[in-house]
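Student: Encoded as structure tokens, here's the structure I'll be asking about.
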Amino acid sequence: MDIRDPDRVDDLFARNTFDAVLHLAAAHHDFGISKKTFHDVNVEGTKNICASMLKHGVRRLCFYSSVAVYGRCNAPPTEDCQPCPDSDYGETKLLAEEECQRWSQAHLANQALVIRPTVIFGPNNFANMYSLIRQIDRRAFVQVGPMKNQKSLAYIDNIVNATIEIWLDRVSEREPFEVFNYVDKPDLTSKQISTQIFESLNRNHAPFSIPLQLAKILAIPFDLTIAATKKNLPVSSARIKKLASDSTVFDSAKVHSVSKCKKVSIADGIKIMVDWYRSGGSDARFIDRRPPESA
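According to the numbering used here, the sequence shown is numbered sequentially starting from 35.
Below you can see the structure in the form of structure tokens.
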């Protein structure tokens, strides 16, 4: 179902009885999605869901937003920081949060929980962590610089269990509108992440590294190809910068003060994902989930 179609959304609510809605539908890719599509899916789609929830008396909503709403910050942002998104994705997720807040204010019994996760990884996920595992497994990985930049990550089982705990297990304690960042701590550096993957794959570590500036120069032909063909490639200066120099660290003290369920460590989560990759995940079929331009 396409949430951009208000009639189909409302028909779903009319034909079923829901106690709560977990809203995960989103346009989310670094490449190949127009600004209009981001807005139509993330903002207008959320508006359609909220309208149908209000009409049919569904009072509990959990919306997965993103730490992308913060943009680039010098210090790890907390939930109280002023969002300043620097991408179409982050901007539209913030606008979708505002739709959820308006819905929470439309009825005294409405409760909206917004979760802002960082990069989520785990089995059956084909995003950045999968690409890094595949590069290392195929011996196509080259270390760029010291890779001391820190990366906030979230293991899939941890965020699912935390969501159940803070959303469904404490209904009477919740405010009408709440926001939580979600990050598993402690943060690892890019070097520590790649080292954990090497060890989980029983591979020897990268024998050498190249300077960041040299890597960016070597990536220029790939950048030009991307610009000319409009096709996404596994190598680009932006990808190199993101892995080797950009730090993405977010505060998650608030959620961990509430969620007390046992967490899988990032290192163990990587091991689990690598085991899945080696047992068949490397051959799994990737499904392109980018939404079409229109509903």
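Idealized CB from N, CA, C, for every residue including glycine.
Model, not experiment: these values are computed from the prediction.
For I300 versus L187, is the C-beta spacing smaller than 8 Å?
Tutor: Yes.
Student: Only counting runs of 3 or more residues, tell me where the beta strand (DSSP E) segments fall wholly within the region 206-235, in order along the chain.
Tutor: Fully enclosed beta strand (DSSP E) runs of 3 or longer: 211-216 and 218-223.
Student: Is P255 helix, strand or coil when you go by DSSP?
Tutor: Reduced to three states, the DSSP call for P255 is helix.
Student: Measure the Cβ-Cβ separation of V153 and E131 and say whether it is below 8 Å.
Tutor: Result no, Cβ atoms of V153 and E131 do not sit closer than 8 Å.
Student: Since P40 is in the beta strand (DSSP E), which residue starts that stretch and which ends it?
Tutor: Element bounds for P40: not the beta strand (DSSP E) but the alpha helix (DSSP H), P40 to R49.
Student: Can K182 and D221 be called in contact, C-beta distance under 8 Å?
Tutor: No, they are not a contact pair.
Student: Determine the direct distance from the alpha carbon of A146 to that of P180, and round the result to whole angstroms.
Tutor: Cα to Cα, the separation comes out at about 42 Å.
Student: Going by C-alpha to C-alpha distance, which of S328, F256, H290 and I231 sits closest to I304?
Tutor: For the residues S328, F256, H290 and I231, the minimum Cα distance to I304 belongs to I231.
Student: Is it right to say Q247 is buried, meaning 16 or more other beta carbons lie within 10 angstroms of its own, or is it exposed?
Tutor: Q247 comes out exposed.
Student: Ordered along the chain, which non-local residues of its own chain (more than five positions away) have a Cβ less than 8 Å from that of V55?
Tutor: These residues qualify, in order along the chain: I83, M87, V92, R94, L95 and C96.
Student: Quick one: give me the first and last residue of the beta strand (DSSP E) that H57 is part of.
Tutor: Where H57 is concerned, the enclosing beta strand (DSSP E) stretches over V55 to H57.
Student: Using a Cβ-Cβ cut-off of 8 Å (strictly less than) and excluding sequence neighbours within five positions of K265, which residues of its own chain qualify?
Tutor: Within the same chain, K265 has close Cβ partners T259.
Student: Start and end of the beta strand (DSSP E) containing Q169?
Tutor: Element bounds for Q169: not the beta strand (DSSP E) but the alpha helix (DSSP H), N162 to D171.
Student: Excluding the 5 residues preceding and the 5 following E125 in the sequence, name in chain order all residues of the same chain whose CB lies nearer than 6 Å to its CB.
Tutor: Closer than 6 Å at the Cβ level, and outside the excluded window around E125, lie P119.
Student: In chain order, which beta strand (DSSP E) runs of at least 3 residues are fully inside the region 58-143?
Tutor: Those beta strand (DSSP E) runs which fall completely within the region 58-143 and span 3+ residues are 94-98.
Student: Please state if the CB of N192 and the CB of K297 are separated by a distance shorter than 8 Å.
Tutor: Result yes, Cβ atoms of K297 and N192 sit closer than 8 Å.
Student: The alpha helix (DSSP H) with V283 in it runs from where to where?
Tutor: That residue, V283, is in no alpha helix (DSSP H); it is neither H nor E in DSSP.
Student: Let me know if N236 comes out buried or exposed under the rule of 16 or more other beta-carbons within 10 Å of its beta-carbon.
Tutor: With fewer than 16 Cβ atoms within 10 Å of its Cβ, N236 is classed as exposed.
Student: Using DSSP with H/G/I as helix, E/B as strand and the rest coil, what is L187?
Tutor: DSSP places L187 in strand when its eight states are reduced to three.
Student: Is it true that the region 301-320 meets the region 273-281, where meeting means three or more beta-carbon pairs spaced less than 8 Å apart?
Tutor: Cβ pair count under 8 Å is below three, so no.
Student: Where does V101 land, buried or exposed, given buried means 16+ other C-beta within 10 angstroms?
Tutor: The residue is buried, with at least 16 neighbouring Cβ atoms inside 10 Å.
Student: What span of residues does the beta strand (DSSP E) with R237 cover, start to end?
Tutor: No beta strand (DSSP E) holds R237; DSSP gives it neither H nor E.
Student: Taking Cβ positions only, does D39 come closer than 8 Å to chain C?
Tutor: Looking at the structure shown, chain C is missing, and only one protein chain is on hand.
Student: For the alpha helix (DSSP H) that contains A301, what are its first and last residues?
Tutor: Counting along the chain, the alpha helix (DSSP H) containing A301 begins and ends at I300 to R312.
Student: How long is the line joining the alpha carbons of F155 and I37, rounded to whole angstroms?
Tutor: Distance between the alpha carbons of F155 and I37: 25 Å.
Student: Helix, strand or coil for L248? Go by DSSP, reduced to three states.
Tutor: DSSP places L248 in helix when its eight states are reduced to three.
Student: Checking the sheet assignment: what are the DSSP bridge partners for R6?
Tutor: The requested residue 6 does not occur in the structure, where the chain is confined to residues 35 to 329.
Student: Short check: CB of L58 to CB of Y98, under 8 Å?
Tutor: It is a contact, given that the beta carbons lie within the stated cut-off.
Student: If we ignore side chains and look at the alpha-carbon of each, how far apart do V176 and I274 end up?
Tutor: Going by the C-alpha atoms only, they are around 10 Å apart.
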